[in-house]
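Note that the sequence shown covers residues 74 to 392 in the numbering used here.
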Amino acid sequence: MLAATLVGGVLVGSSTLLGRAPQAAADQAASPTRARCALPSPQEAGSSQKYEITSGGRTRSYVLRLPDGYERRASWPLIVAFHGRGSTGVEVEGFSGLSDLPAVVAYPDGEVGTGDGYRRAWQGAPYQPTGVDDVAFTADLLDHLDDTLCVDPTRTYATGKSNGAGLTTLLACRLPGRFAAIAPVAPALYPQSQEGCEGARPTSVLEIHGVADTTIPYAGDPDRQLPAVRDWVRGWAERDGCTSSRTSRIRRDVTSTRYAGCVAGTEVAHLAVDGGGHVWPGADTYSGGGHTTQSIEASRAAWAFFTRHHLTRAEGRDR
């Protein structure tokens, strides 16, 4: 199993690949959830700490948030939140409000991408880091968190902003059966983020986007091969086999479109924010350029969506 190193604090493990002790492996085989929940907690409930693991020969970092009241006698939902280009996991935690939710939250850091500037980025974009497999890194991170925390593999979710949000769509396609639902916010939907999605396993998705976003335009950008957001959502709904849709205004500046009749109990939904920029709705600190509505909170909307979806035990790899 992958063991983590606490960054800037007490060393709690090694960032190398280690084998389980025979008795621990036997315990997990007998009762996976009980074995995980019996392990020592890596940090205090209600706190955030930065850790490192090794994936693909690289040292990768992430911030881990344990919720208030974290106890090992109950399995918690797990949310993985990916930052946008040029940002960090710490910054996403700061503006997103995700750490206020009753869930374990991991905020990974991307590697430095190509193009202008020394900016962290993710796989799934023209400026993606060279030679970095973020799909494999995410799988390694999920395995590590599943092995060491009291989390429920059937209630694992992904969200993110911009480039990180685009990565969540790639992960839904390339890691079938790992995420019960995704909620990309202002996703950068480059063609690279859709590689492997044709014929992929149906996955529930809530897409949130500002209509006045000038970074990832709502109407699309043919020169950058970015689709119109509504067209992309409709395409995902078609791939999930949805049979009907309903559009309604749920706030003075927010329109909701929901698709129903989707296969395998999946759901596709879209929230369009009139006048909204390339931002995280509801954020009370800077999250990107343009207007930030306070009529909805992206974190709360994502959570309400997530709680309606879970994987089967077989899909969730309850080991």
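We treat Cβ as the ideally placed atom computed from N, Cα and C, and that holds for glycine.
All values derive from a computational prediction rather than experimental measurement.
Per-residue DSSP class, three states only, for residue i
i, result
"serine 368", "coil"
"aspartate 149", "Note that residue 149 is tryptophan in the sequence shown here, rather than aspartate. Correct three-state label for tryptophan 149: strand."
"histidine 282", "strand"
"aspartate 326", "coil"
"aspartate 56", "The question about residue 56 has no answer here: the residues shown for the chain are numbered 74 through 392."
"threonine 227", "strand"
"arginine 133", "strand"
"threonine 320", "strand"
"phenylalanine 252", "coil"
"aspartate 294", "strand"
"leucine 79", "strand"
"serine 169", "helix"
"glutamine 101", "Caution applies to glutamine 101, whose pLDDT of 41 falls short of 50 and renders its modelled position unreliable; the value that the coordinates give is listed next. Residue state, collapsed to three classes: helix."
"serine 114", "coil"
"serine 266", "helix"
"alanine 259", "coil"
"alanine 176", "coil"
"arginine 373", "helix"
"alanine 273", "coil"
"arginine 109", "helix"
Residue i: first and last residue of the uninterrupted beta strand (DSSP E) it sits in
i, result
"glutamate 125", "121–128"
"histidine 343", "341–346"
C-beta contact flag for residue i and residue j at 9 Å
i, j, result
"glycine 162", "serine 134", "yes"
"glycine 239", "serine 160", "no"
"aspartate 173", "serine 372", "yes"
"arginine 138", "serine 114", "no"
"alanine 154", "tyrosine 124", "no"
"threonine 328", "threonine 320", "yes"
"histidine 351", "leucine 279", "no"
"serine 318", "alanine 333", "yes"
"glutamine 265", "proline 202", "no"
"glycine 197", "aspartate 207", "yes"
"isoleucine 281", "alanine 374", "yes"
"aspartate 220", "arginine 109", "yes"
"glycine 183", "histidine 156", "yes"
"tryptophan 376", "alanine 176", "yes"
"phenylalanine 379", "proline 150", "yes"
Inter-residue Cα distance where the pair is residue i and residue j
i, j, result
"valine 284", "threonine 127", "39 Å"
"leucine 299", "aspartate 347", "20 Å"
"alanine 253", "arginine 297", "30 Å"
"isoleucine 323", "arginine 331", "12 Å"
"valine 178", "threonine 232", "10 Å"
"threonine 78", "aspartate 304", "43 Å"
"glutamate 388", "threonine 287", "38 Å"
"alanine 356", "glycine 363", "12 Å"
"alanine 261", "glutamate 166", "19 Å"
"arginine 228", "valine 80", "27 Å"
"proline 95", "leucine 244", "Per-residue confidence for proline 95 stands at a pLDDT of 25, beneath the threshold of 50, marking its modelled position as unreliable; no derived number is given."
"leucine 215", "valine 224", "10 Å"
"glutamine 367", "glycine 170", "13 Å"
"tryptophan 353", "valine 258", "7 Å"
"alanine 194", "proline 295", "22 Å"
"cysteine 335", "serine 277", "9 Å"
"leucine 384", "proline 275", "12 Å"
"tyrosine 263", "alanine 292", "14 Å"
"leucine 222", "glutamine 116", "11 Å"
"glutamate 268", "aspartate 326", "33 Å"
"arginine 381", "arginine 131", "36 Å"
Where the alpha helix (DSSP H) through residue i begins and ends
i, result
"arginine 312", "302–312"
"valine 352", "Counting along the chain, valine 352 falls outside any alpha helix (DSSP H), and DSSP gives it neither H nor E."
Along the chain, which unbroken stretches of the alpha helix (DSSP H) at least 4 residues long are found entirely within the stretch 191–250?
For the stretch 191–250, whole alpha helix (DSSP H) runs of length 4 or above, ordered along the chain, are 207–221, 236–247.
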